[in-house]
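Q: Heads up, the sequence shown is in the working numbering, so the first residue is 32 and it goes up one at a time.
Cβ atoms here follow ideal geometry from the backbone N, Cα and C, with glycine treated the same way.
Just so it is clear, the structure is predicted and the values come from calculations on it, not from any experiment.
The structure that follows is given in the form of structure tokens.
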Amino acid sequence: MIFAKIFIRRTITLCLCLCMAMAWMGAKPDGFSINKIDDALFARMKGKSYGAGCTVSREELRYLTVMHYDANGKVQKGELVCNKAIAQDLIEIFQALYEAKYPIERMVLIDEYDGDDEQSMRANNTSCFNFRKVAGTRSLSKHARGLAIDVNPFYNPYVHTIKGKQLIEPQGSSPWAINRDKKRNAMIIVGDDLCLKLFRQHGFTWGGNWRSMKDYQHFEKKIVSK
Ligand SMILES: [Zn+2]
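What follows is the structure in structure tokens.
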């Protein structure tokens with residue numbers, strides 16, 4: 032009995048030491064990583080998410096890999112490009128979502144859709160960096176610096192008004208803008224949704240709280256430029 036107790040204590044101590052060492056080294060669990068933008072990836076982004084006149088340097092961006100559960104409960108390896116200022120936040124948020132088996136249908140780079148936000152949203156693709164303007168305006172989106180992320184966009188549409196006309200994007204998503212009862216679909220971000228809770232904990236604001244428009248898929252973090 033005593034031996035068993037000593038063994039358990041030693042095992043716990045060893046596990047704690049390992050965890051501390053991993054945290055100290057900045058190690059990430061399997062499938063989760065933060066990487067610089069290498070030449071092959073940069074070539075994939077050029078002319079798409081990294082379009083002409085892009086004002087963000089390649090050095091300011093990071094390529095993340097994260098694990099996630101898809102809409103059918105299958106584990107998938109997701110990828111994101113974001114600003115390095117929020118890279119660690121995103122790793123921690125998506126790790127917590129993975130552990131909770133929170134469904135994220137698709138997470139591939141928006142370059143797979145030639146940087147076309149409408150196509151990416153229609154495919155319910157979660158994405159972050161894309162050098163573009165806010166739809167229907169001349170101002171740069173927070174996505175243009177990689178400081179905003181859209182999660183499960185098809186079920187969490189962007190509802191706004193242009194010249195008195197209400198627009199719901201992407202095409203076909205209006206049923207999910209009108210009835211936002213979580214019981215209809217686990218990917219709907221509303222109320223005590225885990226995704227919403229985690230982004231808030233990490234200091235992000237949610238587009239679903241905006242007054243003049245609703246961007247239910249959108250989370251952004253304000254970072255003061257040095
Ligand atoms: Zn967005």
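Are the CB atoms of L229 and I124 nearer to each other than 7 Å?
A: yes
Q: Using only the heavy atoms of ligand 1, determine whether one of them is closer than 6 Å to the beta carbon of G181.
A: Inspection of the sequence shows that residue 181 is occupied by Asp rather than by Gly. Yes - ligand 1 has a heavy atom lying nearer than 6 Å to the Cβ of D181.
Q: Quick one: what's got a C-beta closer than 7 Å to L171's C-beta in the same chain, skipping five residues either side?
A: Same-chain partners within the cutoff: K164.
Q: Should the segment 131–148 be called in touch with the segment 73–90, which here means at least 3 C-beta pairs below 8 Å?
A: Yes, the segment 131–148 is in contact with the segment 73–90.
Q: Consult DSSP for Y247 and reduce its assignment to one of helix, strand or coil.
A: Assigned with DSSP and collapsed to three states, Y247 falls in coil, not helix or strand.
Q: Thinking C-beta only, is R93 closer than 7 Å to K115?
A: yes
Q: Output needed for P134: all residues of its chain with C-beta closer than 7 Å, excluding positions within five of it in sequence on either side, in chain order.
A: Y100, D101, A102, A217, M218
Q: Would you kindly work out how many angstroms separate the C-alpha atoms of F250 and F73, rounded to a whole number?
A: 25 Å
Q: Excluding the 5 residues preceding and the 5 following A208 in the sequence, name in chain order all residues of the same chain whose CB lies nearer than 6 Å to its CB.
A: P188, V190, I199
Q: Near F235, what residues of its chain come up, given a Cβ to Cβ distance below 7 Å and the 5 sequence neighbours on each side ignored?
A: F250, E251, K252
Q: What are the residues that DSSP puts in a beta bridge with G109?
A: Looking at the DSSP output, G109 shares a beta bridge with V97.
Q: Return yes when the Cβ of R231 is within less than 7 Å of the Cβ of V221, no when it is not.
A: Contact flag unset, no.
Q: Check whether the Cβ of H249 lies closer than 6 Å to any heavy atom of ligand 1, and answer yes or no.
A: yes
Q: Under the rule that 16 or more other beta-carbon atoms within 10 Å means buried, what is C50, buried or exposed?
A: Caution applies to C50, whose pLDDT of 49 falls short of 50 and renders its modelled position unreliable; the value that the coordinates give is listed next. Result: exposed.
Q: With A175 and F162 assumed to form a contact (beta carbons below 8 Å), what rounded beta-carbon distance in angstroms separates them?
A: 5 Å
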